[in-house]
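Asker:
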Amino acid sequence: SGQLLIDRRRSKVALEIVQFLALRRPDHFERLKLLHGDKDLFRLAWLKTNTSFHMIRTPAAAAGLVKGKQFCGMTMVQHDPQGEILFLHHNGKKLIGEEETSKTRVWTHLQSFVFPENLTSVDTNAGERYEYMTNNYHVRIFGGGIFRDFTMCYGDTAMKSEHYKTTSWDDLPFKDLEDRLHDFAQVARTLDRPSESQ
Numbered sequence: 009s010g011q012l013l014i015d016r017r018r019s020k021v022a023l024e025i026v027q028f029l030a031l032r033r034p035d036h037f038e039r040l041k042l043l044h045g046d047k048d049l050f051r052l053a054w055l056k057t058n059t060s061f062h063m064i065r066t067p068a069a070a071a072g073l074v075k076g077k078q079f080c081g082m083t084m085v086q087h088d089p090q091g092e093i094l095f096l097h098h099n100g101k102k103l104i105g106e107e108e109t110s111k112t113r114v115w116t117h118l119q120s121f122v123f124p125e126n127l128t129s130v131d132t133n134a135g136e137r138y139e140y141m142t143n144n145y146h147v148r149i150f151g152g153g154i155f156r157d158f159t160m161c162y163g164d165t166a167m168k169s170e171h172y173k174t175t176s177w178d179d180l181p182f183k184d185l186e187d188r189l190h191d192f193a194q195v196a197r198t199l200d201r202p203s204e205s206q
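Just so you know, this note's numbering puts 47 at position 39 of the sequence shown, and the rest follows in order with no gaps.
#1: Count the other CB atoms within 10 Å of the CB of Phe182; is the residue buried (16 or more) or exposed (fewer)?
#2: According to the neighbour-count rule (16 or more other Cβ atoms, all chains shown, within 10 Å of its Cβ), is Met63 buried or exposed?
#3: Under 8 Å between the Cβ atoms of Gly91 and Cys161?
#4: Can you tell me the Cα-Cα spacing of Gln119 and Ala69, whole angstroms?
#5: By the 10 Å Cβ neighbour count, where 16 or more other Cβ atoms means buried, how is Phe155 classified, buried or exposed?
#6: Compute the Euclidean distance between the alpha carbons of Pro124 and Arg32, then round it to the nearest angstrom.
#7: CA-CA distance, Gly151 and Arg17?
#8: By how many angstroms is the C-alpha of Leu23 removed from the C-alpha of Ser60?
#9: DSSP on Glu108, reduced to helix/strand/coil?
#10: When the Cα atoms are used, what is the spatial distance from Lys77 to Leu29?
#11: Would you mind reading off the limits of the beta strand (DSSP E) that contains Gly81?
#12: Would Val26 be called buried (16 or more neighbouring beta carbons within 10 Å of its own) or exposed?
#13: Give a yes or no on whether the minimum CB-CB distance between Gly135 and chain C is below 8 Å.
#14: On a CA-only basis, which of Leu13, Arg51 and Asp178 is nearest Trp115? Give me that one, please.
#15: Evaluate Arg65 with the Cβ neighbour count: other Cβ atoms within 10 Å of its Cβ, from every protein chain shown; 16 or more gives buried, anything less gives exposed.
Dropping the structure here:
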């Protein structure tokens, strides 16, 4: 999963290539396992058309639950070019506004990748930073285990890796965000219902 911000005027040809590659049959990319999902088609199209692009240098974090001494990430946390949190992709457990779902909070902790001190800034040597990330950043996807309500979790489950830091959601400046989102989902759900006066 990923987030893209696209200038459609400068990327018109690249977008046409993405559409061509995504709809082409037979799908050789899928058959030969050359991609990690259709999001890679964007990178290939931009490279093929020499369209400039920028990829964020901070790897995705995970928002999720801690139970006992285990972590279950359910939301992909993506960053801006300066490494600050920008998007939370609620992909492991969908936010749908149903009554029972509204009471279940899944953001109790944030698990982030940790660079060594000399590589913490996104402006440091990009090659060194990328090499360190390649060797130490791993997306581990696993079944729910002790998290019975969730079929998929990701992150450093045992929370023992020196390469990840787990922070309580209450310590974050946007700690009330999930409650606010659930409130919006509840309101949206009521808008979908026919009114009693009709």
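C-beta: ideal position from N, C-alpha, C; glycine also.
Answerer: Taking the structure as given:
#1: exposed
#2: Classification for Met63: exposed.
#3: no
#4: 6 Å
#5: buried
#6: 43 Å
#7: 42 Å
#8: 13 Å
#9: With a pLDDT of 48 at Glu108, under the threshold of 50, the modelled position of this residue cannot be trusted; read the value that follows with caution. If DSSP states are grouped into helix, strand and coil, Glu108 belongs with the helices.
#10: 44 Å
#11: Gln78 to His87
#12: Buried: at least 16 other Cβ atoms inside 10 Å.
#13: Looking at the structure shown, chain C is missing, and only one protein chain is on hand.
#14: For Trp115, the closest of Leu13, Arg51 and Asp178 by C-alpha to C-alpha distance is Asp178.
#15: buried
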